[in-house]
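>
In full-length UniProt numbering, the protein residues as written are 1 to 212.
(1) So for residue 33, helix, strand or coil by DSSP?
(2) Note down the Cα distance separating residue 27 from residue 11, rounded to an integer number of angstroms.
(3) Closer than 7 Å by C-beta to residue 180: which residues in its own chain qualify, once you throw out the five before and the five after it? Chain order, please.
(4) Please name the residue in 13, 76, 24, 106 whose C-alpha comes closest to that of residue 86.
(5) How would you write the range of the alpha helix (DSSP H) that residue 123 sits in, first residue to last?
(6) Exposed or buried, which one is residue 201 when buried takes at least 16 other CB atoms within 10 Å?
(7) Does the Cβ of residue 135 have 16 or more other Cβ atoms within 10 Å, making it buried, or fewer, making it exposed?
(8) What do you reckon, are the CB atoms on residue 40 and residue 67 nearer than 8 Å?
(9) Indicate the three-state DSSP secondary structure (helix, strand or coil) for residue 176 in the structure shown.
(10) Among 124, 133, 188, 148, which one has its Cα closest to the Cα of residue 165?
(11) Per the DSSP calculation, residue 22 is bridged to which residue(s)?
(12) Helix, strand or coil for residue 9? Go by DSSP, reduced to three states.
(13) Taking residue 214 as the reference, give the member of 78, 36, 187, 148 with the closest Cα.
(14) Assuming residue 117 and residue 171 make a contact with CB atoms under 8 Å, what is their CB distance in whole Å?
(15) In chain order, what residues of the same chain lie with their CB nearer than 6 Å to the CB of residue 146, ignoring the 5 residues before and after it?
(16) Quick check: the Cα distance between residue 104 and residue 156, rounded to an integer number of angstroms?
(17) Residue 83 and residue 153 look like a contact to me (Cβ under 8 Å); what is the Cβ gap, rounded to whole Å?
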């Protein structure tokens, strides 16, 4: 049996609903976000889980909670799985950022790997810290199913890194809506992307909510 990682993005927050940048803001889930977390647990609790790794932010811990309470596995919190720090852009929409930090926004949009949000983190920095967690998982669990609960940018940066996709293209190559699951199996030939941004565990009402 190979090691398989399930990357789960947290459920809906007020920021994700309003399409505003949310990295270091420690936002909670909306009522719909809590529903998403429960829907994931209801669908995936039957599986044989080996471990749960989770960003320590409220929105990720609350997303993991229904599953870990159902299966009795405490999540291992890792700062490396936190979302990108958006610096002075936190809580603002792209329209506002483009107006107030225009040059920085243009540079970041062109290549977020090596250009940071104003006062924030570059994608290569996120890749460095997040991949340390992935390596820890690979060293400690050679097989089984491991859940990784994290954030939109961080999950996409991890996926780009392990799959050999330019990290600077993470915003335009991979989708990652709220409460979506992406699955990577580590085989003898390397990492295999088996599922990208799956949301069939959500009903149509939750799938069709506005936001990112």
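We put the beta carbon where it would ideally sit given N, CA and C, even for glycine. Everything numeric in this text was worked out from a predicted model, so none of it was measured.
Put simply:
(1) Three-state result, residue 33: helix.
(2) Each residue's Cα considered, the two are about 11 Å apart.
(3) Within the same chain, residue 180 has close Cβ partners 9, 197, 198, 199.
(4) Looking from the CA of residue 86, the closest CA among 13, 76, 24, 106 belongs to 24.
(5) In the DSSP assignment, residue 123 falls within the unbroken alpha helix (DSSP H) covering 123 to 140.
(6) That one is buried.
(7) Residue 135 sits exposed, since fewer than 16 C-beta atoms from the chains shown fall within 10 Å of its C-beta.
(8) The answer is yes: Cβ separation under 8 Å.
(9) Coil at residue 176, not helix or strand.
(10) Sorting 124, 133, 188, 148 by C-alpha distance to the C-alpha of residue 165 places 124 at the top.
(11) None; residue 22 has no bridge partner.
(12) Here DSSP, grouped into helix, strand and coil, assigns residue 9 to strand.
(13) With the chain running from 1 to 212 in the structure shown, residue 214 is simply not present.
(14) So it is not a contact: roughly 12 Å between Cβ atoms.
(15) Within the same chain, residue 146 has close Cβ partners 5, 50, 51, 137.
(16) A straight line joining the alpha-carbon of residue 104 with that of residue 156 spans about 21 Å.
(17) The Cβ separation is near 6 Å, so the contact holds.
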